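What follows is a set of notes on a single structure, which appears directly below.
Chains as they are written, first to last, in my numbering: chain A, 1 to 369; chain B, 1001 to 1369.
Structure (C-alpha cells):
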C-alpha cells in the first residue's frame, strides 16, 4: 500500500509526489455531462470501472443514474461488489475455474454479468453458476471490428446465444458489441465509419438471435471516443464509456465534430522538479513507474515553456525554454498519455479544488486477475 | 494489495494469472555470477534495489557479499531498512523537506547515502541531518554523459564536494558516476566508448575533489549493460547493477562481446489464453496493466509459433502460426520488454523451479515517493 500522499484540507503544494490527482470541478462536470447526455438518449449508462478502479467513483456514477458499472477482471468485480455496487458486468472472457467460482460467489450478493465468445466455455460458466446456486447474466461478445475477442457477427453469435440460453444457471443477457479499435481513430469521420460497420455487425447478430427465438434484452458497448455514434444508431441500449471522467493526452489528439460533447481534462500526475542541471533542462520525479507510456509522453499542463521529452524509471526529463527557467521544488501537473494504465499505478486518487485537497479516494489497484 | 497468486508447493499450472514469476535456477545463477565477478575485481557490489523492490532479494544479495543496496526513492529506502538492510544508498536527488526528514530518521537505524547535484540543497540536507542528530553520506552526482541529473564533471563537482564536506551532519562520501544512457547502446563498442567518456569525467571530478583537499572514498555507478567496462577501468570501486537478476527483452537486443559475462532470462509474466477467436489469433490476459511497454512488446518464451503483437489494457493479442494452434486455457510465459517498471506493477513475485512454486516474495510495490 502506498503512503497517503496528502490529507483532506491540506494545501496541494504540500502533496508528496509523484501523486495521482483529479481536479474535482472538471471531474464533476464530466460526470454530470455524460449522465445527462445518456439519460436524454433513453439508453442505459453502465460506465467502465476499469478506468478508475475506484468504488467511491462508481457510487457517484450510480447516484447519477448509472445502472451499475463494467469492469474487466474478477478482482475488480469483487472490489465493486464489496463496496456495495449491486450490478457489475465483467466485459471480458473469464475461463479459469478458480476465477469462475469467485465470480459465481459474487452473484449471491449482486447482479453479475460476464462475456462469452466460445461454446466450450458455456459448460464451465454453467457449472460455476450451478455450484454456487446462482444465475449469471452471460453476454455473447461479438467482434464488431476490433479483431480482439468475440465471435463473428451474425449466425455464430446466434448459435452461441442459444447454447447459453439452454445452459442451466445462465441467462442470455444480450450482446457485447464494443469497437475498442475505433476509440482513438483521429477524426469524427473515421470513428463514424467504424461504428457504422459495428452497427451492421450488431444488427446482424441481434437478428440471428431473434431468428433462433431469443430476445436480446441488451446490446451494450461504446467508449468515450465513439459513444455519440452508438447512441445515435438506436441499436445500443446500454453504453460503457469510462475515460470521459479523466481524459488523457491521447484523447486530446482526437478531433471532435462541432457540437459534439466535450469532456475536460481532470486527471493529472503531480510531480516535483528535483534537479535543474542546466538552464534548458529540468528533471522531475515522475517517470516510467508513475505513468503509462504506451500512448506517448505526458503533456505539461498550465506551465508554458516546459516540455516532457524523455522518461526513465523514476525520472522525467523536461526541456525548458529560455525565459521560463525551472525552479528546484517547482510542482508540475502532467497529463498522462493514457489514463487507465496510469490510474492502475496508484493506491490513492487525490481530489482537489483550486489549491486545496478535498478528498482522498482509495483505488483498488491490486486488481489484476 | 494483490491476491496471492499461488502458494508454495503448488503447481505452476494452477497459478492465478497474470502473475510475475522468476525461474529460481536462472535467477540464482545470475545472483552468483555477478557476486563472483565483482568480488574477483576487488570492487564493492551495491546492487540496485529499484529493479526488484524486494527485501527478500536484497538479503540474498547481501548474503553473497553485497555491501548493501541502492534504491531510487525514500519509500524504497524505508522498505529496505525496515527489512534489516543496514546500508542503503538512494541514488537520486531528494529535496522535499518531508522526504528529507524521513530519510534522516532512517539514518538512525542504518547507513544512509543520498545524491546531491545542487549547492542550494546542501543546506536542506544538513538541516535534516542535524534535526535527526545523524550523519548522512552525501555523494556528488556527476553527469558522466547521460544528460539527466548531475553537475558537470571536473571543477563543479569539486566545488559541490567542498560544500558538502563543510556542512554539519553531512559526510562527503564520494561520486555517483552512472551513465544510464549507455546501458542499452546495442554494441559492445558503443558501450565501451560511452564508458570511456564517463571514465574521463569521473577522473576529472575526482581530481578536482583531491585538488580541493578532499579524499574521494567511493566512485560508484554502472549498470547491467556496462558494468564490465566500469570494472575494467579501475576507476569505479563500487558497482550498482540491478537488471542482471531478471534480464528482459530489451537487454536481449544488446549484443555482447565474446567472453563477456552473460545472464539468463529469469523473469516472466505468466498469462493465460482466454479467447481463441480465430485459428491465427489468440487473446491472453496480460496487457498494458500487467507489463511495461516503454521498451516494446514482450516476447513469448518457449512456445514456438506464437507472437505477442498488440496490447490493450487487460488483453494481449497473439499472432499464432498455422500448425501450432493456441489452446483455450494455455499458459504462456512472456518476457517483458523492460523488467523494472514491470516488477513495479506487482505485489508478489512467485519463485518457481520446473513446474513447482517454491517461494512467494512480497514486492514493496507502493514505493513511488
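All C-beta atoms, glycine included, are put in the ideal place defined by N, C-alpha and C.
These numbers were taken from a predicted model, which means no experiment stands behind them.
- C-alpha of residue 1224 of chain B to C-alpha of residue 1180 of chain B: approximately 10 Å in a straight line.
- Residue 149 of chain A sits in coil when the DSSP states are folded into three classes, being neither helix nor strand.
- Of all residues in the segment 1228-1243 of chain B, none has a C-beta nearer than 8 Å to a C-beta of chain A.
- At a Cβ-Cβ threshold of 8 Å, residue 209 of chain A and residue 267 of chain A do not count as neighbours.
- For residue 1126 of chain B, the enclosing alpha helix (DSSP H) starts and ends at 1119-1132.
- In this structure the segment 1104-1122 of chain B touches the segment 1130-1144 of chain B; the number of beta carbon pairs closer than 8 Å is three or more.
- Taking every protein chain shown into account, the CB of residue 1234 of chain B has fewer than 16 other CB atoms within 10 angstroms, so this residue is exposed.
- As the crow flies, the alpha-carbon of residue 1144 of chain B is around 5 Å from that of residue 1198 of chain B.
- The C-beta of residue 336 of chain A comes no closer than 8 Å to any C-beta of chain B.
- Proximity of residue 1034 of chain B to chain A, defined by a Cβ-Cβ separation below 8 Å, is not satisfied.
- Look at residue 1057 of chain B: its C-beta is not under 8 Å from any C-beta on chain A.
- Using a C-beta cut-off of 8 Å, the segment 1001-1015 of chain B makes no contact with the segment 319-326 of chain A, since fewer than three inter-stretch Cβ pairs fall below that distance.
- One finds 1001, 1002, 1003 and 1347 in chain B with Cβ atoms closer than 8 Å to the Cβ of residue 366 of chain A, taken in chain order.
- Between residue 1260 of chain B and residue 1335 of chain B, the C-beta spacing is not below 8 Å.
- Annotation: the continuous beta strand (DSSP E) that includes residue 1020 of chain B extends over 1019-1023.
- The CB of residue 299 of chain A never comes closer than 9 Å to any CB in chain B; the least such distance is about 17 Å.
- Chain order gives the chain B residues near residue 72 of chain A as 1313 and 1314, where near means a beta carbon separation below 8 Å.
- From the beta-carbon of residue 1093 of chain B, the residues of chain A found nearer than 8 Å are 274, 275 and 283.
- The Cβ-Cβ distance between residue 1081 of chain B and residue 1069 of chain B does not fall below 8 Å.
- In the structure shown, residue 352 of chain A adopts extended strand secondary structure according to DSSP, grouped into three states.
- In the structure shown, residue 1092 of chain B adopts extended strand secondary structure according to DSSP, grouped into three states.
- Close to residue 1082 of chain B, with beta-carbon spacing below 8 Å, lies no residue of chain A; the smallest spacing is near 13 Å.
- For residue 275 of chain A, no alpha helix (DSSP H) encloses it; the enclosing beta strand (DSSP E) starts and ends at 267-278.
- From the beta-carbon of residue 1188 of chain B, no residue of chain A is found nearer than 7 Å; the closest lies around 22 Å away.
- Legend: CB atoms of the segment 132-153 of chain A lying less than 9 Å from CB atoms of chain B belong to residues 141, 143, 146, 147, 148, 149, 150, 151 and 152.
- In this structure residue 1344 of chain B is in contact with residue 289 of chain A, their Cβ atoms being roughly 5 Å apart against a cut-off of 8 Å.
- Listed along chain A are 368 and 369, each with a C-beta nearer than 7 Å to that of residue 1018 of chain B.
- Proximity of residue 268 of chain A to chain B, defined by a Cβ-Cβ separation below 8 Å, is not satisfied.
- Selection A:19, A:24, A:18 and A:20 evaluated against residue 354 of chain A yields A:24 as nearest (Cα-Cα).
- Considering only beta carbons, the part of the segment 110-134 of chain A lying closer than 8 Å to chain B consists of 117, 118, 120 and 121, in chain order.
- Where residue 251 of chain A is concerned, the enclosing alpha helix (DSSP H) starts and stops at 249-252.
- Taking 8 Å as the CB threshold, residue 1047 of chain B stays off the interface with chain A.
- The criterion of a C-beta distance shorter than 8 Å is not satisfied by residue 350 of chain A and residue 45 of chain A.
- Closer than 8 Å to the CB of residue 180 of chain A there is at least one CB belonging to chain B.
- The beta carbon of residue 1257 of chain B lies closer than 6 Å to those of 1188 in the same chain, with the five residues before and after it left out.
- The residue among A:365, A:352 and A:368 with its C-alpha nearest the C-alpha of residue 9 of chain A is A:352.
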